[in-house]
Structures are given as C-alpha cells and as structure tokens.
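**Q**
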Amino acid sequence: MDSQARIVIVGGGIMGVALAYHLAEENETNVMLIEKGELTSGSTWHAAGQCPSLVGNYNLAKIHDYGNRLYPTLEEKTGQYVSWHASGGIRIARQQADLDWFHYMRGIADNVGFRMEIIDPVKIKELNPFYDIEGVIAGAWTMDDGHADPSGLTNAMARGATEMGVKIVRHNRVLDINRLPSGEWEVDTEQGKVTCEIVVNAAGSFARQVARMVGADLPICNMEHHYIVTGAIQEFVDRDEEFPVMRDPYASAYIRQEQKSGLIGIYESTGLTEAWGPDGLPPWSSDSELFPDDLDRLMPWLERAMNCMPPMLEAGIKRIVNGAIPHSADGPPLLGPVAGIENFWLCCGSSFGIA
15 MDSQARIVIV GGGIMGVALA YHLAEENETN VMLIEKGELT SGSTWHAAGQ CPSLVGNYNL
75 AKIHDYGNRL YPTLEEKTGQ YVSWHASGGI RIARQQADLD WFHYMRGIAD NVGFRMEIID
135 PVKIKELNPF YDIEGVIAGA WTMDDGHADP SGLTNAMARG ATEMGVKIVR HNRVLDINRL
195 PSGEWEVDTE QGKVTCEIVV NAAGSFARQV ARMVGADLPI CNMEHHYIVT GAIQEFVDRD
255 EEFPVMRDPY ASAYIRQEQK SGLIGIYEST GLTEAWGPDG LPPWSSDSEL FPDDLDRLMP
315 WLERAMNCMP PMLEAGIKRI VNGAIPHSAD GPPLLGPVAG IENFWLCCGS SFGIA
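So for the sequence shown, my numbering puts the first residue at 15; every next one is plus one.
1) Scan the segment 28-82 and note each continuous beta strand (DSSP E) run of 3 residues or more that stays entirely inside, going in chain order.
2) Let's test the definition: count the other Cβ atoms within 10 Å of the Cβ of GLN64 and tell me whether it reaches 16, buried, or not, exposed.
3) Can you give me the start and stop residues for the alpha helix (DSSP H) that ALA123 sits inside?
4) Under the DSSP definition of a beta bridge, which residues are partnered with CYS361?
5) Can you give me the C-alpha to C-alpha distance between GLN273 and PHE144, rounded to a whole angstrom?
6) Tell me, which residues are paired with HIS240 by DSSP?
7) Would the beta-carbon of ILE104 fall within 9 angstroms of that of ASN142?
8) Would you call the CB atoms of ALA265 and GLY26 closer than 9 angstroms?
9) Start and end of the alpha helix (DSSP H) containing ASN192?
10) CA-CA distance, LEU47 and ILE21?
11) Can the beta-carbon of VAL183 be found less than 9 angstroms from the beta-carbon of THR203?
12) Out of PRO314, LEU189 and GLY160, which has the shortest C-alpha to C-alpha gap to HIS78?
13) Going by the DSSP bridge assignment, what does GLN18 pair with across the sheet?
14) With C-beta atoms as the reference, is GLY174 less than 9 angstroms away from ALA38?
15) Buried or exposed, going by whether 16 or more other CB atoms sit within 10 Å of the CB of TYR95?
16) So what's VAL180 in DSSP terms, helix, strand or just coil?
17) Tell me the DSSP secondary structure of GLU200 in three-state form.
18) Look up TYR268 in the DSSP assignment and say whether it is helix, strand or coil.
19) Quick one: what's ASN215 bridged to in DSSP?
20) Helix, strand or coil for GLY294? Go by DSSP, reduced to three states.
21) Just to confirm my understanding: we take LEU360, look at its own chain, exclude 5 residues before and 5 after, and list those with CB closer than 7 angstroms. What are they?
22) Ends of the alpha helix (DSSP H) at ALA319?
23) What separation, rounded to the nearest whole angstrom, lies between the Cα atoms of THR87 and ASN125?
24) Starting from VAL224 and walking both ways along the alpha helix (DSSP H), at which residues does that stretch end?
So, in structure tokens, the structure goes:
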C-alpha cells in the first residue's frame, strides 16, 4: 500500500466509489479509497437498487437525474454488468395534498430536466394493468426512473476509477485519523499509515465512528429497512414489458417487478427499529450483515401493498431482506466540508435509493 495520496476516501460503498470515479473523471487521480471489507459490504450490497427522480429537494433531484443518465452508460464504458432496468416510475396520489405536491415537483422536473407527467387513473392502469386504482386520484409518472444492481454499479465505477489511476485498498480498516504538524492528515490503517491532504468520510453505517476520529459527531442513525421478494407470478411471466416502479404513500411502500417475481419495500411509520441499538453503532466486525426479519411489524403496510397489487397476494414470500440503511437527521445526504475541521469532507448519510 502506498504511503501517500492527495485524497483518501474512507469507505467502499457506492457513495465512496462513485466519488473516486468522478474525481478521476475530473483528472484527480491521486486518490486512495480504503475499504475495511469488500466493496459494497456495508449497506450497498443489500439495497433494492431504486433510482427515483421524484425527490422534493432541488439539488438532490439533480443528483438523481444525473445518476439515471449515467447508469445506463456504465456497462458500455467499463465492461461491468449493472443490470439497468429502465422501467420508469409512478407515484400514487390518493388525496389533494399529494396532487399539490406533484404540481410542485413538476416545477423541479422542468428545471432539472427529467421527464414527468401527471396522469389520471386510466393511464396508471394502462401502464400497470395489475394495480388496483380504487381510491387513486392521480399519479406522477417519471419516465427516466429505473432500478439497477447496486453491487454491479459500484464495481463498474470501481473498475473505471482504477483504470484511470485511483488506488482501491480492500480489507484494510482505518484505525485512526490524526492531524500532522504540517497540516496534512495521517490515516492509520491495518496495513500501515497514509499521509494525505484531504480525507473524505464515505463510511456509510460507520460514518459516525470515522467522524469521531477527528472530533466530529454526525447526525446519522442506522435504521433497519425490510424488503420482501415474492415467488414467481404468472402474470409477470406472461408479460414481456416490465411495469413501472410503484410508490404509494397509502402502503408506505415501493412495489416493483424483480425478474418474474414481485418486490415490496416497506417504510413503516410505527415500530421503527434502530440497527445495532441502543447506541446505533455497528461493530467493526460487521460485514455484509442482515438482521432477523419482523413481519409482524410490517404486516399492516405489507397487506396494503399486496392489496394494491393483487397478483402478489398468492405468490408467497421467497426472500426477506432486513438491512441497515443510514439516515441523516433531515433526510438528504451529508455532502461537503465539515465546519471547523479543514480538509475533512463528508459523503455519507444517503437513504434515497441508489443515486
């Protein structure tokens, strides 16, 4: 392992690897990314891979739109399979407040440049003939949405970054970070020390622990998030075209096709569980970790979601994934320099899909 770099990125999930890739594209290749396990082995590997456009924050919407334009090109650029599905997405409105928000979002869409159309229930049924539109007043159809394999995306950008000169060091935990008299950082790792000008904390679920190494405390909590995958559904088997990713506040869920099965992710509004409680800090030994499922907690929302997509009711549950997702205090990711700590940057706290 080299002992010097201009920029050290701590964390090899999609946030850290994407940063390394884009720094290299901007001709900043004196970069070392350090990952304590394998790439994606924190929260990225188990993510459901959603790529939504419809987020109520202008700058975040620009990031999501950029991702949705980049991801379909990565396979050709890098030779790495990413499993991009250009399915589009529909968010459901069941009350006037939802529809009002759609009109607000149309302004963001027009400014950012992603395609969005407010559609009636008849059009929703045309795009997804399996969806129960009872009680639905409108939908926001975002044609550029999709979903992808998070590990494939990460490894594609890792391949691209290394081909451009970035160094990626796996299986090497950062033990401490200290300021040198020169003003540079000394990053102490299991494989030795690295001196650098800039440190970027892209440590995902471990971001709070990494920040504490330099005396910072981050407003991030790691929350358990479930999604389920059903058995094969004949209606999906018989259909060539994939239906849009559905998002319905009534079920507090996203619902999509996963090959010829269904996938439902739940954001329950009661009984939320912080991962690695009570302090919410994962042990350093945590690697590709999942938690026991709790279907009883999910059942009110899961039943609603399945009733929205009746073909899923009889398909049975083939797989349940319950993993930790880091959330910032106000929703958007933590991006940028830390006040009062020169040359220590954040790229963490992302919970809005794979953007």
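Note that CB positions come from ideal geometry on N, CA and C, so glycine has one too. All values derive from a computational prediction rather than experimental measurement.
**A** So, from the listed chains and residues:
1) 45-48
2) In the sequence shown, residue 64 corresponds to position 50, counting from 1. Result: buried.
3) Taking the first residue of the sequence shown as 1, we reach residue 123 at position 109. Looking at the DSSP string, the run of the alpha helix (DSSP H) that includes ALA123 is 110-126.
4) Indexing the sequence shown from 1 puts residue 361 at position 347. In the DSSP output, where bridge partners are listed per residue, CYS361 has LEU349.
5) Position 259 of the sequence shown, counted from the first residue, corresponds to residue 273. Position 130 of the sequence shown, counted from the first residue, corresponds to residue 144. Going from the Cα of GLN273 to the Cα of PHE144 covers about 16 angstroms.
6) As a first step, residue 240 is located in the sequence shown; it is residue number 226 there, counting from the start. For HIS240, which the question treats as bridged, DSSP gives the partners ILE280 and ASN336.
7) By one-based count along the sequence shown, residue 104 stands at place 90. By one-based count along the sequence shown, residue 142 stands at place 128. A contact, by the Cβ cut-off of 9 angstroms.
8) As a working note, residue 265 is residue 251 in the sequence shown. As a working note, residue 26 is residue 12 in the sequence shown. Against a cut-off of 9 angstroms, the Cβ pair of GLY26 and ALA265 comes out as no contact.
9) Locating residue 192 in the sequence shown gives position 178, where the first residue counts as 1. That residue, ASN192, is in no alpha helix (DSSP H); its beta strand (DSSP E) goes 188-193.
10) Taking the first residue of the sequence shown as position 1, residue 47 is located at position 33. Taking the first residue of the sequence shown as position 1, residue 21 is located at position 7. Rounded to the nearest angstrom, the two C-alpha atoms are 8 angstroms apart.
11) Your numbering for residue 183 matches position 169 in the sequence shown. Your numbering for residue 203 matches position 189 in the sequence shown. Yes, these two residues count as a Cβ contact at 9 angstroms.
12) Residue 78 sits at position 64 when you count from the first residue of the sequence shown. Looking at the Cα atoms, GLY160 is the closest of the given residues.
13) Position 4 of the sequence shown, counted from the first residue, corresponds to residue 18. Its beta-bridge partners are THR209.
14) Position 160 of the sequence shown, counted from the start, is the residue given in the question as residue 174. Position 24 of the sequence shown, counted from the start, is the residue given in the question as residue 38. Contact: yes.
15) The residue given as residue 95 occupies position 81 in the sequence shown. Counting every other CB atom within 10 Å of its CB across the protein chains shown gives TYR95 a total below 16, marking it as exposed.
16) Looking up residue 180 in the sequence shown gives position 166. Coil.
17) Here residue 200 is taken as the residue at index 186 of the sequence shown, counted from 1. In this structure, GLU200 counts as strand in the three-state DSSP scheme.
18) Taking the first residue of the sequence shown as position 1, residue 268 is located at position 254. Reduced to three states, the DSSP call for TYR268 is strand.
19) One-based indexing of the sequence shown puts residue 215 at position 201. VAL24 and LEU360.
20) Position 280 of the sequence shown, counted from the start, is the residue given in the question as residue 294. Coil.
21) The count along the sequence shown starts at 1 and reaches residue 360 at position 346. Counting only Cβ-Cβ distances below 7 angstroms, and skipping sequence neighbours, we find ASN215, LEU348, LEU349, GLY350 and VAL352.
22) On the sequence shown, position 305 is the one that residue 319 refers to. First-last of the alpha helix (DSSP H) with ALA319: 309-322.
23) What you label residue 87 is simply residue 73 of the sequence shown in a count that begins at 1. What you label residue 125 is simply residue 111 of the sequence shown in a count that begins at 1. If you take the alpha carbons of THR87 and ASN125, they lie about 23 angstroms apart.
24) Residue numbering aside, residue 224 sits at position 210 when the sequence shown is read from its first letter. It spans 221-226 - the alpha helix (DSSP H) in which VAL224 sits, taken as one unbroken run.
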